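Since the structure comes first, as structure tokens, the remarks are kept for the end.
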Amino acid sequence: MKLLTALLFATIGMGVGLPALAQDSAAAAKQTHKPAAKKTVKKKTEPTPQADAAAGDHEEDKEPDVTSASATEFACELGNKVTIYRNADDDKHIALRWKKQLLRLKRVDTTTGAHRFENRRSGWVWIDIPAKSMLLDAKKGQQLANECRNPDQLKAKAEETIKS
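Each residue of the sequence shown is one higher than the one before, counting from 898 in the numbering used here.
Shown next, in the form of structure tokens:
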């Protein structure tokens, strides 16, 4: 009786296993006849304006030479001090010193007439309008120094408050 049961299970197992084995060998046969994959050749692309801008950002990494530049001190709220260094022959860049950091910022055109300078790597943005200036950190989304005024702006504000 045990022998008969064993033969029955063996026959059933072979009946179930053989179709699966046949499917595996058929799938393997299909895989061996695949055509060879084509090689893709990448075309050289022209540099995009964004890539050019990223390449130009390397100049922002260098510490600017301020030995021949004229310095303007700005007194800001909360006792912060900002120093701007300008070269007479280069109106497209400034150097900005704030809290022992000296960075080169590049002029960005605006429609409002404000003087805006940015260093994209650090995220610093210097905005200079006739009444005041401010230093922003665009990456963190916060003001670093606000209500910054140079001596001429401080003098004009003092005269304005005397008149009022």
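Yeah, the Cβ is synthetic: ideal placement off N, Cα and C, and Gly gets one too.
This structure is a prediction, so every number in the text was calculated from the model and none was measured.
When you compare only the Cα positions, how much space is there between residue i and residue j?
i	j	result
A1053	F971	14 Å
H1012	N1043	15 Å
K989	L975	29 Å
K997	C973	16 Å
I1026	K959	27 Å
L999	P961	7 Å
Q1040	K978	14 Å
D987	K1037	29 Å
W1021	R1004	12 Å
E1056	G1010	24 Å
A985	T1058	32 Å
P1048	R1018	30 Å
With distances taken between CB atoms, is the gap from residue i to residue j smaller than 8 Å?
i	j	result
R1046	K1060	no
W1023	L1002	yes
L1033	W995	no
Per DSSP, what kind of secondary structure is residue i in: helix, strand or coil?
i	result
A968	strand
T1058	helix
A1070	The chain is shown from 898 up to 1061; residue 1070 falls before or after that span and cannot be answered.
E1015	strand
K1036	coil
K1052	helix
Spatial neighbours of residue i within its chain, please: C-beta separation below 7 Å, excluding the five flanking residues on both sides.
i	result
A952	Reliability fails at A952, whose pLDDT of 49 lies under 50, so the model's placement of it is uncertain and the value that follows must be treated cautiously. Cβ neighbours of A952 beyond the five flanking positions: none.
A1035	G1020 and V1022
From the DSSP output, which residues share a beta bridge with residue i?
i	result
C1045	S1030
T980	E970 and R994
K959	Answer is none; K959 lacks a bridge partner.
D987	N984
D1025	H1012 and S1030
L975	In DSSP, L975 forms no bridge with anything.
Spatial neighbours of residue i within its chain, please: C-beta separation below 6 Å, excluding the five flanking residues on both sides.
i	result
Y982	V963, A966, A968 and A992
T980	A968, E970 and R994
Enumerate in chain order the residues of its own chain whose CB-to-CB distance from residue i is below 8 Å, with the five nearest sequence positions on each side excluded.
i	result
T1007	R1013
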